[in-house]
Amino acid sequence: EGINTVIVGRPNVGKSTLMNRLSGFERSIVTDIAGTTRDVVEESVRLGDLTLRLSDTAGLRDTPDRIEQLGVEIAYRRLEEAELILAVFDSTAPLLPQDRELISRIGKRRAVAICNKSDAGSSLTPDELSAHFAYVIPISAKTGEGMEQLSSALHALF
Ligand code: GDP
Ligand code: MG
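In terms of this note's numbering, the sequence shown is residues 22 to 179.
As structure tokens, then:
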């Protein structure tokens, strides 16, 4: 049980770091090597009075690697099935085509935009995301900064 929640975004934005931050231990592999999370890693997490059934997914990008491409397809399928979407973006970089593709796939679904790596910079202007998402939350999955705001936004959605 729990809310079927998917963590999605392009490679290296910090999806697995967020997964680990939310689950309170090292569950998902964190690395600078894009394409590391290929399978879906799942964990049930209590957040206040919500239970989230989290799925950490492969980074969304075009790739010639067949196995990685399969992971990307699975990630998009999980996105379709999810009740709640945690869309992760990188605060230190402008939006890329893969980010825009994700935004368009999310459409009007129940989702929160998470601007991760807030500790490292802010090249991402929140306005670009506020046009599409009711909640745009800067966080640092690395330091834990912004996690209360994220929790509040999720409680407001459910
Ligand atoms: P994923 O590919 O989206 O799962 O990204 P990872 O969680 O594997 O992280 C990719 C890289 O970004 C790693 O080197 C992480 O240490 C780093 N990273 C993740 N979250 C943060 C953050 O909040 N701040 C900073 N500065 N680095 C982060
Ligand atoms: Mg990962």
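Every residue gets a Cβ at the ideal spot worked out from N, C-alpha and C, and that includes glycine.
If you draw a straight line from the Cα of Asp148 to the Cα of Ser76, it is about 27 Å long. Leaving aside the five residues that flank Leu117 on each side, the residues in its chain whose CB is nearer than 8 Å to its CB run, in chain order, Arg31.
Nearest in C-alpha terms to Val51, of all of Arg42, Thr146, Glu64, Ser37, is Ser37. Under the three-state reduction of DSSP, Asn33 is assigned to coil, being neither helix nor strand. About 13 Å separates the Cβ atoms of Leu73 and Ile135, ruling out a contact at the 8 Å cut-off.
When the alpha-carbon of Pro159 is set against those of Ala108, Glu122, Ala177, the nearest one is in Ala108. Taken in chain order, the whole beta strand (DSSP E) runs of length 3 or more contained in the stretch 41 to 87 are 62 to 68, 71 to 77. Asp140 sits in coil when the DSSP states are folded into three classes, being neither helix nor strand.
Between Leu100 and Val27 the beta-carbon gap is near 5 Å, inside 8 Å, which marks them as a contact. For Ala174, there is no enclosing beta strand (DSSP E); the enclosing alpha helix (DSSP H) has its first and last residue at 168 to 178.
At a Cβ-Cβ threshold of 7 Å, Ile106 and Ile124 do not count as neighbours. Of the residues assessed, Gly142 falls on the exposed side of the cut-off, its CB having fewer than 16 other CB atoms within 10 angstroms. Linking Ile54 to Asp86 through their CA atoms gives a straight-line distance of about 14 Å.
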